[in-house]
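Residues 7 to 497 (this note's numbering) are what the sequence shown spells out, left to right.
From the three backbone atoms N, C-alpha and C, an ideal C-beta is built for every residue, glycine too.
What follows is a set of notes on a single structure, which appears directly below.
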Amino acid sequence: MTGKLPVAVRDKFYLTTTLPYVNAPPHIGFALEMVQADILARYNRLLGREVFFNTGTDEHGLKIYRAAQKEGKEPQDYVDEYATKFDRLKEALNLSYNNFIRTTDKHHIKAAQEFWKLCDKNGDIEKKLYQVKYCVECELEKSESELNHGKCIVHPHAEIEIIEEENYFFKFSTYQEKLLNLYKERLDFVVPESRFNEIKKFVERGLEDFSISRLKEKMPWGIPVPGDDEHVMYVWFDALINYISAVGWPDRMDEFEKWWPVVQLAGKDQVRQQAAMWQAMLMSAGIPPSEQIVIHGFITSGGKKMSKSLGNVIDPFEIVDKYGPDAVRYYLARHIHPFEDSDFTEEKFRAAYNAHLANGLGNLVGRIMKMVVDLEVRAEFPEFKKVIQHPQIGVGESLEQLEQYEFNKVMEDIWGEQQGVSFLDHFIQREKPFSLMKSDPPRAKELIEAAVIKLWYIAIMLQPFMPDTAQKIQNAILENKMPEPLFPRLE
Ligand SMILES: [Zn+2]
7 MTGKLPVAVR DKFYLTTTLP YVNAPPHIGF ALEMVQADIL ARYNRLLGRE VFFNTGTDEH
67 GLKIYRAAQK EGKEPQDYVD EYATKFDRLK EALNLSYNNF IRTTDKHHIK AAQEFWKLCD
127 KNGDIEKKLY QVKYCVECEL EKSESELNHG KCIVHPHAEI EIIEEENYFF KFSTYQEKLL
187 NLYKERLDFV VPESRFNEIK KFVERGLEDF SISRLKEKMP WGIPVPGDDE HVMYVWFDAL
247 INYISAVGWP DRMDEFEKWW PVVQLAGKDQ VRQQAAMWQA MLMSAGIPPS EQIVIHGFIT
307 SGGKKMSKSL GNVIDPFEIV DKYGPDAVRY YLARHIHPFE DSDFTEEKFR AAYNAHLANG
367 LGNLVGRIMK MVVDLEVRAE FPEFKKVIQH PQIGVGESLE QLEQYEFNKV MEDIWGEQQG
427 VSFLDHFIQR EKPFSLMKSD PPRAKELIEA AVIKLWYIAI MLQPFMPDTA QKIQNAILEN
487 KMPEPLFPRL E
């Protein structure tokens, strides 16, 4: 069983976000996951690796069925509308995904049914009476330990519902040992370690079979269970299968085998589903496990969970409209911790924008390019891969932190004292090439040439994070001209 591939060996990369549930517009937490995935996809492409970058929408289940009913719409019309909203994030945040799967897609429905048949054939599906406490907001069953005063911990305002009916169950309980073995063999199967420990403990406590169907007469909005007209699949069971149906399973097995296994990005509320339930399902169907599960934290606003009633919701579309995609990508990559909960307020965003984008990077590019243009400085500017592979430059070493998903550390380097924006700022203050431009033009030219090469390396490092900005800086350098102001100062 192979774990995460060593950096040097990898020549292709399959990564996916989770599929957001389409009962509300995209929120900033999902924008974070998308931007993280996009940075990884771009970084891997720049290294010359072939990349499959999957995202999409999760469209079945009770919550959507009820939301559509409430708006007086057919569920299909309702999810069509929302899928379009989510796909608009691509343009807004300049995302480079190449696949947008919807769990209502025909080939996905077929895959889910084939998958069901495999688990059934393997003896992992059985019918029994189902009585459970259920949070519709989570679309998850809740055990007593997951409730607080009888309410969902994540959704304390929502009523817990009691569901009692005949259901099909997946024999999750028989996968305890196999899952623990998987965790033992793959030392970095779940990142970060704290989340890995969390899922290990969960599985060690023992697993309960989970329901994977719903009675159609109560809830018709799901994929039909093969061979039983009275049941549709439970939304989680169907949705998780997207990670294999997206790359051709089961119809195009050559395509599937080319890309599988996958690196999955997910939020901290998804550890159990992605790292345990889904992995047991894969085992049941005889498919190798995912390559790695990478878990990010939540975004709070002003230290509180975002909510309409508190008026602290950050809308990703609004913030991009106001400040541009690269400024938002910048903030999410640098000021939101890759694994821990972090805070996002517009006030903090504006302060970071002025300090690091307007005054920091933007100002630096303007000052250097003015001197470059005045003195007509020209030099050799190597491309991404060359810079990465050149150990003395240090760019590759820094970017390699992306293999550990340390987005913020790379950003700290880009703005840092070693080789980044801060370094160049101090270099120019110290050497004062601008004051030598008249008295000692050859020396001034030498200093500016050194500065513009360093600036080129910064632009190279920015490519996966802020692709437009990186391009603008590189164009200005190559064409020997002043760029448009990159980040006008906010008042
Ligand atoms: Zn809940």
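Unbroken alpha helix (DSSP H) run spanning residue i, endpoints
i, result
"Gly35", "34-52"
"Gly372", "369-381"
"Thr475", "473-485"
"Ile434", "427-437"
"Phe202", "199-210"
"Arg192", "No alpha helix (DSSP H) contains Arg192, which DSSP labels as neither H nor E."
"Val334", "331-340"
"Tyr249", "248-251"
"Gly402", "401-405"
"Tyr84", "81-93"
"Pro448", "447-468"
Beta-bridge partners of residue i, as assigned by DSSP
i, result
"Met259", "According to DSSP, Met259 bridges with nothing at all."
"Gln119", "DSSP output for Gln119 lists no bridge partner at all."
"Asp349", "Thr306"
"Leu221", "His237"
"Thr110", "Per DSSP, none; premise fails for Thr110."
"Phe19", "Val57"
"Gln298", "Val269"
"Tyr27", "Asp64"
"Leu146", "Cys141"
"Lys157", "Asn154"
"Val231", "Asp234"
Residue i versus residue j - alpha carbon distance
i, j, result
"Gly129", "Pro470", "45 Å"
"Met7", "Glu191", "In this prediction, Met7 scores a pLDDT of 38, lower than 50, which makes its location untrustworthy; no coordinate-derived value is stated."
"Ile374", "Glu452", "13 Å"
"Lys177", "Ile131", "6 Å"
"Ser3", "Cys125", "The structure shown does not extend to residue 3, since the chain is modelled only from 7 through 497, so no value can be given for it."
"Val300", "Val197", "5 Å"
"Asn486", "Glu418", "28 Å"
"Ile166", "His302", "27 Å"
"Leu405", "Gly422", "13 Å"
"Leu46", "Ile483", "26 Å"
"Ala476", "Phe390", "11 Å"
"Tyr359", "Leu338", "12 Å"
"Asp93", "Asp275", "23 Å"
"Ile463", "Ser200", "As written in the sequence, residue 463 is Tyr, which differs from the Ile given in the question. Their backbone Cα atoms lie some 34 Å apart in a straight line."
"Ser102", "Met443", "43 Å"
"Asn318", "Ala30", "16 Å"
"Ser441", "Asn481", "26 Å"
"Val402", "Met472", "The identity of residue 402 in the sequence shown is Gly, whereas the question assumes Val. Each residue's Cα considered, the two are about 17 Å apart."
"Lys157", "Glu412", "35 Å"
"Glu386", "Asp17", "28 Å"
"Leu185", "Val209", "8 Å"
"Lys76", "Ala89", "18 Å"
"Ser428", "Gly366", "8 Å"
"Leu408", "Ala43", "11 Å"
"Phe262", "Phe106", "16 Å"
"Met377", "Phe355", "31 Å"
"Gly372", "Leu38", "29 Å"
Range covered by the beta strand (DSSP E) that runs through residue i
i, result
"Asp235", "234-239"
"Asn414", "Per DSSP, Asn414 belongs to no beta strand (DSSP E); it is in the alpha helix (DSSP H), 413-420."
"Gly273", "269-273"
"Lys134", "131-141"
"Glu172", "166-176"
Cβ-based burial, residue i [other Cβ within 10 Å; buried from 16]
i, result
"Gly292", "exposed"
"Ser149", "exposed"
"Arg55", "exposed"
"Met40", "buried"
"Glu297", "buried"
"Pro331", "buried"
"Met289", "buried"
"Ile420", "buried"
"Met467", "buried"
"Gln424", "exposed"
"Val15", "exposed"
"Gly212", "exposed"
Check: residue i C-beta below 7 Å from any heavy atom of ligand 2
i, result
"Val160", "You won't find ligand 2 in this model; what it holds is ligand 1."
Validate contact between the region 250-270 and the region 201-221 using beta carbons, cut 8 Å, 3 pairs: They do not touch, by the three-pair rule.
Stretch-stretch touch, CB-based, cutoff 8 Å, three pairs: the region 165-174 with the region 125-139: The region 165-174 is in contact with the region 125-139.
Cβ contact (3+ pairs, closer than 8 Å) linking the region 212-222 and the region 239-251: The region 212-222 vs the region 239-251: in contact.
Touching by the beta-carbon criterion (3+ pairs, under 8 Å), the region 60-68 and the region 217-231: Contact between the region 60-68 and the region 217-231 is present, because at least three Cβ pairs lie under 8 Å.
The region 105-117 / the region 139-149 touching (three or more Cβ pairs under 8 Å): Proximity of the region 105-117 to the region 139-149 falls short of the contact definition, fewer than three beta-carbon pairs being nearer than 8 Å.
Cβ contact (3+ pairs, closer than 8 Å) linking the region 303-322 and the region 341-357: By the criterion of at least three beta-carbon pairs nearer than 8 Å, the region 303-322 is in contact with the region 341-357.
Inter-stretch contact at 8 Å, needing at least 3 Cβ pairs: the region 80-93 / the region 230-237: Below 8 Å, too few C-beta pairs join the region 80-93 and the region 230-237 to call them touching: fewer than three.
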